[in-house]
Each structure stands twice: as C-alpha cells, then as structure tokens.
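Take a look at the structure set out below.
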Amino acid sequence: MIKLIYRNKLEPIKMSADIYEKIMSDLEFDRDNLEEVWRQQPRLLMEYGSKLARAEREVADAKLSLDAIEAKIYDNERKNLSMNGIKFNESVLEAKVRTNPQYLAKRQKLDDARHVADLYKHAVVAFSHRRDMIVQASKMAIVEIERLGAERFHSPR
C-alpha cells in the first residue's frame, strides 16, 4: 500500500486564493485619484515582478530537488531489484519511482511552485494592462477637464 505524504491538501488552494485576492485588490484603482495611482503603478509592477522572480527560483529549486530524489530512488530501486534477482525492465523501474512517497512529495512541491509562479506571471501581465487602463482613464480625465472648461482651474486674477 502506498501512502502519499501531503501536508494539508487545502493549504496550496488557500495560499493561491490569498495571492489571488491580494493581486485583485492591488489591480484596482481610483479614477478620482490618478496621481496617486500613477505613483503606485511602477512600485506594484516591480513588487510583482520581484515575486515572480522569487517564484521562478522556487520552481527551479523544486525541479532540482525532484531530479535529485528521482535519481536516488532509481539507483536504490535498481539495486534492490537486482539484489533480489528480480528481472525488470525500465517501465517497472519507472513505476516504482513514480509511486515512491518521497518522489510524490517532491513532485507536489514542484507543482505548487509552478502554480504560484503562474499566478505571478499573470499578475505582471495584468499590471501591464492596468497601466494601459490608467493611461485611458487619464486621457478621459483630460478630455473632461477640457470639456468643462479649463478656466475654472485657474486662480482668480
């Protein structure tokens, strides 16, 4: 019987939901305060770009860890099967490796890291779209000021 070693199964879902909610909150902007929105935009883009870089580093680390444990398990299983005089082929060996709890735990860690990296990748793209929306909102504000008359914004003489 194979037991999977998982931490709380809902943990990655909750973590990604928290990340998603934070991203959605940061993507919102106030059309009535465009100066502040313009000041925040580069900082937010940099923040999420940095989080993406860290998440991609986590993916690379998880991949290295998975590759290392996979090689170790292959070696151990190959030795065990040979020592016991069992004839085997690569598919049998691969099945033993892919069902090993250590392998499955590392694979889950890699999948979780990829999921987080994907969230941040989409966040960076969304912040680029947000910038475009801010540009459009700024243009609309300028048109509105021109329509209402710029003289109301001048100080009296």
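For the sequence shown, the numbering used here puts the final residue at 685, and the numbers step up evenly by one. All C-beta atoms, glycine included, are put in the ideal place defined by N, C-alpha and C.
Tell me the start and end of each unbroken alpha helix (DSSP H) in the stretch 598 to 663 that is at least 4 residues and wholly inside, in chain order. Those alpha helix (DSSP H) runs which fall completely within the stretch 598 to 663 and span 4+ residues are 618 to 626.
How should Val663 be labelled, buried or exposed, when 16 other C-beta atoms within 10 angstroms of its C-beta is the threshold for buried?
Reading the sequence shown from its first residue, position 135 is the one you call residue 663. Exposed.
message = Measuring alpha carbon to alpha carbon, tell me which residue in Leu573, Leu632, Asn608 is nearest Asp595.
response = Translated into positions along the sequence shown, residue 595 becomes position 67. The candidate whose alpha carbon is nearest that of Asp595 is Leu632.
Discussion item. Considering only the alpha carbon of each residue, which of Lys600, Glu563, Ile601, Tyr648 lies closest to Lys667?
Written reply: Reading the sequence shown from its first residue, position 139 is the one you call residue 667. Comparing Cα-Cα distances from Lys667 to each of Lys600, Glu563, Ile601, Tyr648, the minimum goes to Glu563.
Evaluate the contact criterion for the stretch 650 to 665 versus the stretch 584 to 603: three or more CB pairs, one atom per stretch, below 8 angstroms.
no
message: Taking the straight line between their C-alpha atoms, what separation do you get for Ile568 and Val652?
response: Taking the sequence shown and counting its residues from 1, the one referred to as residue 568 is at position 40. Taking the sequence shown and counting its residues from 1, the one referred to as residue 652 is at position 124. Residue 568 is actually Gln in this sequence, not Ile. Near 14 angstroms, if we compare the C-alpha coordinates of Val652 and Gln568.
*Give the C-beta separation of Ala583 and Ala641 to the nearest angstrom, bearing in mind that I take them to be a contact with Cβ-Cβ under 8 angstroms.*
The sequence position of residue 583 within the sequence shown is 55, counting from 1. The sequence position of residue 641 within the sequence shown is 113, counting from 1. Yes, they are in contact, since the Cβ atoms of Ala583 and Ala641 sit about 7 angstroms apart, within 8 angstroms.
Exposed or buried, what is Leu580 when buried is set at 16 or more other beta-carbons lying within 10 Å of its beta-carbon? Counting from 1 along the sequence shown, the entry for residue 580 is found at position 52. Label assigned to Leu580: buried.
Quiz prompt | Euclidean distance between Cα positions of Val565 and Lys649 | solution = As a working note, residue 565 is residue 37 in the sequence shown. As a working note, residue 649 is residue 121 in the sequence shown. Each residue's Cα considered, the two are about 21 angstroms apart.
* When you compare only the Cα positions, how much space is there between Leu647 and Ile614? -> Mapped onto the sequence shown, residue 647 falls at position 119. Mapped onto the sequence shown, residue 614 falls at position 86. Approximately 46 angstroms between the Cα atoms of the pair.
query = Distance, Cα to Cα, Arg637 vs Ala665?
reply = Position 109 of the sequence shown, counted from the first residue, corresponds to residue 637. Position 137 of the sequence shown, counted from the first residue, corresponds to residue 665. The sequence given here places Lys at residue 637; Arg does not occur at that position. Whole-angstrom Cα-Cα distance: 41 angstroms.
Q: Within 10 angstroms of the Cβ of Arg675, are there 16 or more other Cβ atoms? Answer buried if so, exposed if not.
A: Locating residue 675 in the sequence shown gives position 147, where the first residue counts as 1. So Arg675 counts as exposed.
Practice task
Using three-state DSSP, classify Asp558 as helix, strand or coil.
Solution key: One-based indexing of the sequence shown puts residue 558 at position 30. Annotated three-state conformation of Asp558 is coil, per DSSP.
Checklist line | Residues of its chain near Lys634, where Cβ-Cβ distance is below 6 angstroms and the 5 sequence neighbours each way are ignored | finding: Position 106 of the sequence shown, counted from the start, is the residue given in the question as residue 634. Result list for Lys634: Ser593, Leu594, Ile597, in chain order.
Q | Cβ shell of Val620 (< 8 angstroms), same chain only, five flanking positions each side left out | A | Looking up residue 620 in the sequence shown gives position 92. Taken in chain order, the residues that qualify are Leu609.
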